[in-house]
């Protein structure tokens with residue numbers, strides 16, 4: 001399992017606009033093999049911004065890499081450019097990728113994962 | 117849905133010890149109502165540290181708050197103290213909580229979530 005996150009420091013007065021932009025965006029992720037789920041997350045509030053993060057779970061790191069090289073990725077990001085998201089944020093997106101090493105499920109099962 | 121993350125900046129030479137500590141730790145989460153799943157994540161490498169994050173998904177924010185007030189939480193953190201994790205890290209844990217606002221699943225279903 002691999003988690004791709006993009007962190008956005010959003011100008012507080014623009015938070016509603018930022019949320020609306022994501023709610024209306026077509027992200028094309030579900031067309032990709034290995035896509036598990038996507039969430040738009042609202043994180044902590046700081047003095048000068050509201051943190052948001054996009055949070056995409058992939059079956060493997062290789063599935064994520066395939067997405068970044070896909071036509072769907074190109075389409076999603078071309079669209080993002082047209083929406084001129086920049087004035088909504090003071091910083092970001094800042095990308096962080098995470099490899100899951102260990103998993104605990106609600107039934108108590110615990111397993112070590114192969115990084116990827 | 118609510119995601120509780122703790123970020124740890126781990127001294128690179130101690131990364132294996134840090135992973136081992138987590139693999140051997142009993143975290144008591146699956147006893148809690150609303151617990152969905154837990155992952156230990158390995159994030160980006162920086163010049164002076166390796167980023168790790170604990171990543172716990174809760175059904176709601178209220179389920180997370182109930183866990184922080186529980187006996188299970190007290191037990192898990194008392195144990196963490198005994199393990200003296202501090203020398204493994206240059207910083208952290210740094211907590212960040214995230215409310216999911218929007219969800220896209222692998223079958224393409226998209227929905228707005230009530231923050232919580």
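Residue numbers (our numbering), protein chains in the order written: chain A, 1 to 116; chain B, 117 to 232.
Just so it is clear, CB atoms sit at the ideal spot from N, CA and C, and this is done for glycine as well.
Within 8 Å, strictly: CB atoms of residue i and residue j
| i | j | result |
| --- | --- | --- |
| residue 4 of chain A | residue 73 of chain A | no |
| residue 40 of chain A | residue 217 of chain B | yes |
| residue 36 of chain A | residue 67 of chain A | no |
| residue 214 of chain B | residue 43 of chain A | yes |
Closest by C-alpha distance to residue i, when choosing among the options
| i | options | result |
| --- | --- | --- |
| residue 96 of chain A | A/19, A/12, A/56 and A/46 | A/56 |
| residue 11 of chain A | A/70, A/48 and A/54 | A/48 |
| residue 148 of chain B | A/114, A/32, A/110 and A/106 | A/106 |
| residue 169 of chain B | B/207, B/230, B/117 and B/145 | B/207 |
| residue 118 of chain B | B/203, B/220, B/186 and B/150 | B/150 |
| residue 114 of chain A | A/78, A/26 and A/62 | A/62 |
| residue 122 of chain B | B/227, B/132 and B/167 | B/167 |
| residue 45 of chain A | A/13, A/21, A/71 and A/111 | A/13 |
| residue 18 of chain A | A/89, A/71 and A/70 | A/89 |
| residue 226 of chain B | A/30, A/60 and A/110 | A/30 |
Min CB distance residue i to chain B below 8 Å
| i | result |
| --- | --- |
| residue 20 of chain A | no |
| residue 77 of chain A | no |
Residue-chain proximity (residue i, chain A), Cβ-Cβ < 8 Å
| i | result |
| --- | --- |
| residue 203 of chain B | no |
| residue 122 of chain B | no |
| residue 228 of chain B | yes |
| residue 189 of chain B | no |
| residue 127 of chain B | no |
Nearest-angstrom Cβ-Cβ length linking residue i and residue j, presumed shorter than 8 Å
| i | j | result |
| --- | --- | --- |
| residue 8 of chain A | residue 87 of chain A | Not a contact, Cβ separation roughly 12 Å. |
| residue 38 of chain A | residue 219 of chain B | 7 Å |
| residue 144 of chain B | residue 194 of chain B | With a Cβ gap of about 11 Å, residue 144 of chain B and residue 194 of chain B do not count as contacting. |
ask   = Which residues, in chain order, does the region 91-109 of chain A contribute to contact with chain B at a C-beta distance below 9 Å?
value = 95, 96, 97, 98, 99, 100, 101, 102, 103, 104, 105, 106, 107, 108 and 109
query = Quick one, which residues of the region 154-180 of chain B are near chain A if we go by CB-CB under 8 Å, in chain order?
reply = 154, 155, 156, 157, 158, 159, 160, 167, 169 and 171
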